[in-house]
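**Student:** Letter 985 of the sequence shown, counting from 1, is numbered 985 in the UniProt record's numbering, and no numbers are missing.
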Amino acid sequence: MIPRIAAVSPIQQDYLNFLDALRQDGYEGDINPDYANRTVLATDNSIYQVLPQGVLYPRSVEDLQRIAKLLNEPRFVHLRVAPRGGGTGTNGQSLNDGLVVDVSKHMNRILEINAKERWVRVQAGVVKDQLNAALKPFGLFFAPELSTSNRATIGGMINTDASGQGSVLYGKTRDHVLELSSVLLDGTLWHSLPLQEEQLQRIKQRPDRVGAIHRLADEIYQHKQDEIERCFPKLNRCLTGYDLAHIRDEQGQFNLNSLLCGSEGTLAFIAEAKLNVLPIPKVAALVNVQYDSFDAALRDATELMKAAPTSIETVDSKVLMLAMQDIVWHSVEQWFPASDKAPIRGINLVEYTADSEEELDQALARLTQRLEQEREQGGRLGFTLARGHQAVKQIWAMRKKSVGLLGNAKGDKRPLPFVEDTAVPPENLADFIAEFRAVLDREGLEYGMFGHVDAGVLHVRPALDLKDPAQEPLIRRITDEVVALTQKYHGLLWGEHGKGVRSEYAPAFFGPLYPCLQQLKAAFDPHNQLNPGKIATPLESGAELYKIDGVATRGQHDRQIEASTRAHWQDAINCNGNGACFNFDPDDQMCPSWKGTRERIHSPKGRASLIREWLRLLQQQGQDAEQLRAEQRSRSAVQTFIPKVKNTLAKRRGEYDFSHEVHESMLGCLACKSCAGQCPIKVNVPEFRSQFLELYYGRYLRPLKDYLIGGLEMVIPTLAKFPALYNWPLKQAWVQRLLARYAGMVDSPLLSDISLQSGLEKLGVGLADAQTLARLSDEQKSRTVILVQDAFTSYFETQLVLDTLALLQKLGFNPLVAPFRPNGKPLHVHGFLSAFERTAAKQAELLNSYRDSGIALVGIDPSMTLTYRSEYAKYLGAEQAPKVLLLQEWLQQQLPQLQSQAEHFRPARFKLLAHCTEKTNAAPSIQAWQQVFKALGMELEVLNAGCCGMSGTFGHETLNLARSQQIYSLSWQGIVRNPQHQPQLVATGYSCRSQVKRMENQQLPHPLQALLAQR
């Protein structure tokens, strides 16, 4: 039975009855009627928000058939359902107020690869980049290229007939679909592929729904040819959604897949697909042409196309500036030097691919010779050339990220996707965009632009704040004007991202053909159950299409939250749903909890959605989160104890509180801050997680483990004086069992049996106090550095601290050590924010006392050190936050001194496993490590790795043990166990080294320990 958590309406009861019946029918997938899952899937990458009644995660084709058959029963024909893939749609395609069927969690297997015949068979939930990673060893790839390729599913691509970069050469998804396995709403599993006439006639004789569909589709094609020819524009992107123009292919074969591709889940459930794949071009290059205006870039694209490139992409100055402020820029800045002639206002990225260097050189010469001859013509400022797949991949990664970066504009007005994928003939694009911009300029709006100029598709995102009701009418006003412009320039409103809520314009565009679309919808879906309101409604059903201003927006929900509260919780409020956190790649750092669970509530987007709804519901109940915080902080622990006990007992009795669902999601976060660094919008889950936990535990009792972890830094200096007394019980199995059961902790680390104080005395390293600093000459100060201690390395890895100091001495430096004071990061992670603020203030006072000396401060552990530039800056202010460098950042500034010592080091080669926070929040520092090793005559290869799964104390908590191990197995396990990487591995993070020690019984050295060993 599905648990009921509150009184429900009659329609909600119908959906719950359906879910009960589905489980009784043998359904094996996940059933989620809980408010958390419904909330998370109420948004996509559009401006809209529609709450479903439940979420289904089927495990198999049979599960899809069970769903379809049950929906076809008379008692359930009034229920609605919509399939969902990556949830990256910009037009609300997968939003639905009934049930959402998400195939990405379980139906994500690559079933067959036939490299010889160049095809693959996959389940609909396979992600495009996942597929291409599997195809790469065979020298093959699946086209076309999408900016969302690391989370877009094949089923989603088919349902939107997706296209992107390179579509002039590679076409759309439909061009690569060979066969589809789809589940119709009567439960039939139909295998569709191009049919010869004899095969078609046999199928048309069938008395069932399959036969009716084929008869109708063929009849429309036979009798509506002239209207189809007039209606469908001759564009590279053609027209998504019931593509009548391609019911027959170029060979004259009947192909039902032309209707299914682009149908947005309104006709059937796509279960599996057989796809055509192509050889990966052996070589590639990008010519990056810079312009003094965006208009010049657009107008020049037509000329550049004469040089026959693979593709041309364009980016305007707004997107470029946003990219420059993101971590992605450090990997591409060499190809975009500033011009001394004029500011760069636009860029064309002109791609060439070939199967040999000679062929590539010839292709490039067609363009570069022309650019050399026509310097400074047409607004050109110059160009650069990037050769090789790696360089090209880095630049395309920047271009891909620009989609999300636009959403990170400053202020409440954010560029929004609601008229952003129009398509016009490429020769009309510049004039079309000029008028488009005039519309936006007249409204006084800012906007960003990027897109596929070779295909006449440009993504234009006007900046609006839909939390302001006065700005809502602009959606209708601008859209109507853009529709008129696309008609004027013989284009389409839907050039790439599908129709969705914008289907309201379909009747006008299709004209006399629209009733044909309605007939097809009725043949597939007579009761209008599949994603209703999109593309077409069943003929004679009386159902209506959605209106662009008739569907609730996220802004309408968010405006119900007080503006002051929104400002305090902007790390969550600003999430625009772009879904970058759903990155499939296990070797990418983004959100390990999502990768480890495949549950959307355990993702940055999911957690942001839950916080937004939690704040809204609080407001509805007359409570403001910030007022609540102030009230809780004003009350003593004694005053709150009894209410907390009562509330906790009510929780254990099963009393419902949405806060518990939010709490469950927050506890799954590793607080690694990869989201804060990698998310284009900079959604910072660890920050709003801490804010939530503070409020939640102002109402409910905290677990004992939180106090143990939060207070560890305060008591560790005392415990370290008696390491044997601390370590002995932790080694006992019975103590470990007690800790796991009652304290919620497992595999607690042991204190080092080395005394830091005696080690410092042996090295002759002193504490950084006023007297010591006063005795230093200017020359001594230039060689001095102060090491800021952290609890983990000082007391659990004391030898690392001593080795670091010893290496610094051997390199000719004069290291000092700052007295130990708690950093406070564990307090912040667990939501002890008042205590964190006090702790941070004390530590900042100490560290800032060294400012006048001019001596640099450095830290060993990346996670603890980066706290000074993030959490300290937020809570104390940027001016009061101590300036503490990562070790490699400081050593990078000392390269001449390192080079002078290189002769004393033996050459060696190492492989670096960097800490997640370090890679995503201080990306340039990874290159700094490489420069340090190079200066000392050694090589350092940075390995591509995801999260180790430990992340501070996360992996030491009983609740998280299995998840921590699962995350480790996704990426680190294969790397550490690979004999090719041994014994060269080094790791920068304390938690990472702890995880490897636990999982592999192997101690990885810190990079500085590896250097010291070569001295």
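Built from N, CA and C at the ideal position, the CB exists for glycine as well.
Here the structure is a predicted model, which means the values were calculated and not measured.
For the pair the stretch 110 to 120 and the stretch 64 to 81, tell me if three or more CB-CB distances fall below 8 Å.
**Tutor:** No, the stretch 110 to 120 is not in contact with the stretch 64 to 81.
**Student:** Determine, using beta-carbon pairs with one atom in the stretch 407 to 424 and one in the stretch 355 to 364, whether at least three such pairs fall under 8 Å.
**Tutor:** No contact exists between the stretch 407 to 424 and the stretch 355 to 364.
**Student:** Between the stretch 913 to 922 and the stretch 847 to 864, are three or more C-beta pairs nearer than 8 Å?
**Tutor:** With a cut-off of 8 Å, the stretch 847 to 864 and the stretch 913 to 922 count as touching, because enough Cβ pairs lie within range.
**Student:** Among Val-81, Ile-220, Gly-949, whose alpha-carbon lies nearest the alpha-carbon of Asp-587?
**Tutor:** Here the closest residue by C-alpha is Gly-949.
**Student:** Taking Arg-993 as part of the alpha helix (DSSP H), name the residues at either end of that continuous run.
**Tutor:** From DSSP, the alpha helix (DSSP H) with Arg-993 extends over 990 to 1000.
**Student:** Pull the bridge partners of Ile-786 from the DSSP assignment, please.
**Tutor:** In DSSP, Ile-786 forms a bridge with Leu-816, Leu-857.
**Student:** Quickly, what does DSSP pair Met-745 with across the bridge? List them, please.
**Tutor:** Answer by DSSP bridge pairing, in chain order: Glu-957.
**Student:** Trp-335 by DSSP, collapsed to three states: which one?
**Tutor:** In this structure, Trp-335 counts as helix in the three-state DSSP scheme.
**Student:** What do you get for Met-745, buried or exposed, if any count of 16 or more other CB atoms within 10 angstroms of its CB means buried?
**Tutor:** The residue is buried, with at least 16 neighbouring Cβ atoms inside 10 Å.
**Student:** Under a Cβ-count criterion, where at least 16 other Cβ atoms within 10 Å of its own Cβ denotes burial, should Tyr-742 be classed as buried or exposed?
**Tutor:** Flag for Tyr-742 reads exposed.
**Student:** By the DSSP assignment, the beta strand (DSSP E) with Gly-448 in it spans what residues?
**Tutor:** Run containing Gly-448: 447 to 452, per the beta strand (DSSP E) assignment.
**Student:** Are at least three pairs of beta-carbons, each pair with one atom in the stretch 56 to 66 and one in the stretch 507 to 516, less than 8 Å apart?
**Tutor:** Counting Cβ pairs under 8 Å, fewer than three are found: no touch.
**Student:** Output needed for Asp-249: all residues of its chain with C-beta closer than 7 Å, excluding positions within five of it in sequence on either side, in chain order.
**Tutor:** Closer than 7 Å at the Cβ level, and outside the excluded window around Asp-249, lie Pro-194, Asn-255.
**Student:** Going by beta-carbon coordinates alone, are Cys-231 and Phe-509 separated by less than 9 Å?
**Tutor:** It is a contact, given that the beta carbons lie within the stated cut-off.
**Student:** Put Pro-343 into one of helix, strand or coil per three-state DSSP.
**Tutor:** Of the three classes helix, strand and coil, the one that applies to Pro-343 here is coil, per DSSP.
**Student:** Is the CB-CB distance between Val-55 and Pro-33 below 9 Å?
**Tutor:** Yes. Within cutoff.
**Student:** How is Asp-30 classed by DSSP in three states: helix, strand or coil?
**Tutor:** In the structure shown, Asp-30 sits in a strand (DSSP, three-state: E or B).
**Student:** Answer yes if the stretch 361 to 373 comes into contact with the stretch 301 to 312, meaning at least three C-beta pairs across the two stretches below 8 Å, and no otherwise.
**Tutor:** The stretch 301 to 312 is in contact with the stretch 361 to 373.
**Student:** Between which two residues does the beta strand (DSSP E) harbouring Glu-272 extend?
**Tutor:** Where Glu-272 is concerned, the enclosing beta strand (DSSP E) stretches over 269 to 276.
**Student:** Would you list the one or two residues that DSSP bridges to Glu-939?
**Tutor:** Paired residues: Arg-909.
**Student:** For Glu-889, does the three-state DSSP call read helix, strand or coil?
**Tutor:** In this structure, Glu-889 counts as helix in the three-state DSSP scheme.
**Student:** I need the DSSP call for Ile-754, collapsed to helix, strand or coil.
**Tutor:** Ile-754: coil per DSSP, three-state reduction.
**Student:** Does the structure place the stretch 652 to 666 close enough to the stretch 721 to 734 that three or more beta carbon pairs sit under 8 Å?
**Tutor:** The stretch 721 to 734 is not in contact with the stretch 652 to 666.
**Student:** So the candidates are Thr-353, Gly-241, Ala-245; which of them puts its Cα closest to the Cα of Asp-218?
**Tutor:** The shortest Cα separation from Asp-218 among Thr-353, Gly-241, Ala-245 belongs to Ala-245.
**Student:** State the start and end residues of the unbroken alpha helix (DSSP H) segment that holds Pro-137.
**Tutor:** Looking at the DSSP string, Pro-137 is not in any alpha helix (DSSP H), and its letter there is neither H nor E.
**Student:** What does a CB cutoff of less than 6 Å around Ser-181 pick up in its chain, not counting 5 residues either side in sequence?
**Tutor:** Contacts found: His-191, Ala-271, Glu-272.
**Student:** Output the residue ranges of the beta strand (DSSP E) runs that lie fully inside the stretch 425 to 483 and measure 3 residues or longer, sorted by chain position.
**Tutor:** With a minimum length of 3 residues, the continuous beta strand (DSSP E) runs that stay inside the stretch 425 to 483 are 447 to 452, 457 to 464.
**Student:** Here's the rule: buried if 16 or more other CB atoms are within 10 angstroms of the residue's CB, otherwise exposed. What is Gln-623?
**Tutor:** By the 10 Å Cβ count, Gln-623 comes out exposed.
**Student:** What three-state label does DSSP hand Gly-382 in the structure shown?
**Tutor:** Gly-382: strand per DSSP, three-state reduction.
**Student:** Any idea if Gln-53 is buried or exposed, counting beta-carbon neighbours within 10 angstroms, 16 or more meaning buried?
**Tutor:** By the neighbour-count rule (16 or more Cβ atoms within 10 Å), Gln-53 is buried.
**Student:** In the DSSP output, what is Thr-43 paired with across the bridge?
**Tutor:** DSSP output for Thr-43 lists Gln-49 as bridge partner(s).
**Student:** Near Leu-140, which residues of its chain fall below 7 Å by C-beta distance, leaving aside the five closest residues on each side in sequence?
**Tutor:** Answer for Leu-140: Ala-115, Arg-118, Val-277, Leu-278, Pro-279, Ile-280, listed in chain order.
**Student:** Tell me which residues share the same chain as Ile-247 and place their Cβ nearer than 6 Å to its Cβ, disregarding the 5 neighbours each side in the sequence.
**Tutor:** Around Ile-247: Ala-217, Tyr-221, Ser-258.
**Student:** Which residue from Val-482, Val-788, Leu-936, Met-321 puts its Cα closest to that of Ala-434?
**Tutor:** Considering only alpha carbons, the answer is Val-482.
**Student:** Going straight from the alpha carbon of Asp-769 to that of Ala-914, what length do you get?
**Tutor:** Distance between the alpha carbons of Asp-769 and Ala-914: 32 Å.
**Student:** From Arg-151 to Val-817, what distance separates their C-alpha atoms?
**Tutor:** Computed Cα separation, rounded: 46 Å.
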